[in-house]
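Going letter by letter, the sequence shown gives residues 171 to 442 in the working numbering.
Notes follow once the structure below has been shown.
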Amino acid sequence: MPYRVFPVLGIQHAGEVIEVIQANMAQYLKDCRVSCKLSWEDLQALCRRKRLVCKQLKVTKNNFNDYEVEYLCNYKKHKGREFFLVKWKGYAESENTWEPLKNLKCPILLHQFREDMKAALLQASEPLDSASLSAAIVSFLLQKAKQSNGRGWGVRTLQRIYKNSFVMEYLGEIITTEEAERRGVVYDKQGVTYLFDLDYVEDVYTIDAAHYGNISHFVNHSCDPNLQVYNVFIENLDERLPRIAFFAKQGIKAGEELTFDYKMNIDPVDAE
Ligand SMILES: C[S@@+](CC[C@H](N)C(=O)[O-])C[C@H]1O[C@@H](n2cnc3c(N)ncnc32)[C@H](O)[C@@H]1O
Numbered sequence: 171m172p173y174r175v176f177p178v179l180g181i182q183h184a185g186e187v188i189e190v191i192q193a194n195m196a197q198y199l200k201d202c203r204v205s206c207k208l209s210w211e212d213l214q215a216l217c218r219r220k221r222l223v224c225k226q227l228k229v230t231k232n233n234f235n236d237y238e239v240e241y242l243c244n245y246k247k248h249k250g251r252e253f254f255l256v257k258w259k260g261y262a263e264s265e266n267t268w269e270p271l272k273n274l275k276c277p278i279l280l281h282q283f284r285e286d287m288k289a290a291l292l293q294a295s296e297p298l299d300s301a302s303l304s305a306a307i308v309s310f311l312l313q314k315a316k317q318s319n320g321r322g323w324g325v326r327t328l329q330r331i332y333k334n335s336f337v338m339e340y341l342g343e344i345i346t347t348e349e350a351e352r353r354g355v356v357y358d359k360q361g362v363t364y365l366f367d368l369d370y371v372e373d374v375y376t377i378d379a380a381h382y383g384n385i386s387h388f389v390n391h392s393c394d395p396n397l398q399v400y401n402v403f404i405e406n407l408d409e410r411l412p413r414i415a416f417f418a419k420q421g422i423k424a425g426e427e428l429t430f431d432y433k434m435n436i437d438p439v440d441a442e
C-alpha cells in the first residue's frame with residue numbers, strides 16, 4: 171500500500187505516512203477484495219453460532235437453530251435406544267454430538283450408514299446387535315461416510331499450476347516391503363491405503379503415508395491424471411530409496427482436483 175499512497179498523496183516523512191494511511195484506510199479498503207476460503211456451509215454455521223442474520227446465506231432468525239447432518243460416524247445402543255455420533259455441516263469434528271434416533275432427520279444418510287454398518291459387521295464376523303462398535307469398524311464407517319463421491323478426501327489446487335512444474339513430494343514413513351505387506355492387509359480391510367512401493371530398481375522399501383506425511387496423503391487416483399510421478403535422487407546414491415516427486419503433466423486450473431495414476435509405471439530412463 172505505501173507504494174500507492176506515497177506518490178498519490180505527495181508525503182515526505184515516514185511519521186506522516188502512518189497517520190495519512192490510517193486516515194485514508196477506509197477509503198482505500200473500500201475497493202479491496204479478499205477471496206473467502208470458507209465454504210458456504212461454514213459461513214452459514216458461523217452466522218448461526220453468532221446469531222447473525224444474512225440474507226445472501228439464507229440465515230434468518232427462524233432457522234438459527236437448524237443444523238444439518240453432514241455424516242454419521244459412530245453408533246451405540248443404550249437401554250434399548252439407538253444413538254448416532256453426528257458430524258454437523260459447518261462444524262469441526264471436535265463438535266460432533268451423540269444424538270438419539272428421533273433427533274435425526276436424514277433418512278438417506280441413516281439408511282446408508284445402517285447398510286455400511288451391517289456389511290462391515292458381517293465382514294468382520296462381529297454380532298449385528300452389538301451395543302457398541304469396535305475401533306476398526308468405526309474407522310471403516312468414518313471412511314465410507316466421508317466418501318460422498320466414493321473416493322474420500324481429495325486435493326484441489328487453489329492456484330493455477332504450470333505444465334512441468336514441481337507440485338509436491340509423496341512423504342511418509344519409509345518401511346520395509348514385508349512391513350508394508352502386513353499393514354496392507356489392515357488397510358485393505360479398512361478400504362483405504364496410503365502405501366507407495368519404491369520399486370525403482372527392486373522392491374525393498376515402501377512409503378506409508380497413513381500416519382506421517384503431507385498433503386500428498388489425500389491425492390486420489392485417476393487413469394487420466396494431471397500429475398506425473400518421478401523418482402528423484404537428492405544427496406543419495408542408494409537407488410532403492412528414491413524420493414517420489416509429483417510434477418504437473420499439463421497446465422492445471424485453480425479448483426481442479428490433483429490426481430496421479432496409482433498404477434503408473436515409471437520408465438527408469440525417463441525418470442532420471
Ligand atoms: C492415498 S489415499 C487418497 C485419499 C483418500 N481419498 C482419503 O480420503 O484419505 C488412497 C485411497 O483413496 C481412495 N481412492 C483414491 N482414488 C480413488 C478412486 N479413483 N476411486 C475410488 N477410491 C479412490 C481409496 O480408498 C484409496 O485406498
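Every residue, glycine too, gets a C-beta built ideally from N, C-alpha and C.
Just so you know, these numbers come straight off a predicted model, no measurement behind them.
Asked	Found
Take V337 as the anchor and find which of Q313, L312 and N384 has the nearest alpha-carbon.	N384
Less than 6 Å between C-beta atoms, sequence neighbours within five positions excluded: which residues of the same chain meet that for D394?	none
Determine the burial state of N244: buried for a count of at least 16 other Cβ atoms within 10 Å of its Cβ, exposed for fewer.	buried
Taking 6 Å as the cut-off, is the CB of R321 close to at least one heavy atom of ligand 1?	yes
Please specify which runs of the alpha helix (DSSP H), each continuous and at least 4 residues long, are wholly inside the stretch 263-346, giving them in chain order.	277-293 and 305-316
Taking the C-alpha atoms as reference points, what is the distance between I488 and L397?	Since the displayed the chain opens at 171 and closes at 442, residue 488 lies outside it and no answer follows.
Regarding H391 and ligand 1, is the C-beta to nearest heavy atom distance less than 6 Å?	yes
So that I know if they touch, is there some Cβ in chain C lying closer than 7 Å to that of A215?	This model lacks chain C altogether, as it is built from one protein chain only.
Going straight from the alpha carbon of V355 to that of E349, what length do you get?	10 Å
Using DSSP with H/G/I as helix, E/B as strand and the rest coil, what is Y432?	coil
F253 and K259 - do their beta-carbons sit closer together than 7 Å?	no
For W268, collect the residues of the same chain with a Cβ closer than 6 Å to its Cβ; drop the 5 residues on either side in sequence, then sort them by chain order.	F253 and L255
So what does DSSP say about L411, is it helix, strand or coil?	coil
Please state if the CB of L428 and the CB of V402 are separated by a distance shorter than 7 Å.	no
Under the rule that 16 or more other beta-carbon atoms within 10 Å means buried, what is A301, buried or exposed?	exposed
Can you list, in chain order, the residues of its chain whose CB lies under 7 Å from that of L274, leaving out five sequence neighbours each side?	V239, F254 and L280
Nearest-angstrom Cα distance between K257 and D367?	34 Å
Does DSSP put I404 in a helix, in a strand, or in coil?	coil
For Q398, which of helix, strand or coil comes out of DSSP?	strand
What residues in its chain sit with their C-beta under 6 Å from that of R321, if we drop five residues either side in the sequence?	N390
Apart from the five residues just before and just after A441, which ones in its own chain have a Cβ nearer than 6 Å to its Cβ?	The predicted model places A441 with a pLDDT of 47, which falls under 50 and marks its position as unreliable; any figure quoted below should be read in that light. Cβ within range, chain order: Y400 and N401.
When the Cβ atoms of the stretch 285-297 are set against those of the stretch 308-316, are three or more pairs found closer than 8 Å?	yes
In the DSSP assignment, what residue or residues form a beta bridge with D418?	Reading the sequence as shown, one finds Ala at residue 418 and not Asp. Beta-bridge pairing links A418 to L397.
Alpha carbon to alpha carbon, how far is R221 from C276? Give it in angstroms, no decimals.	24 Å
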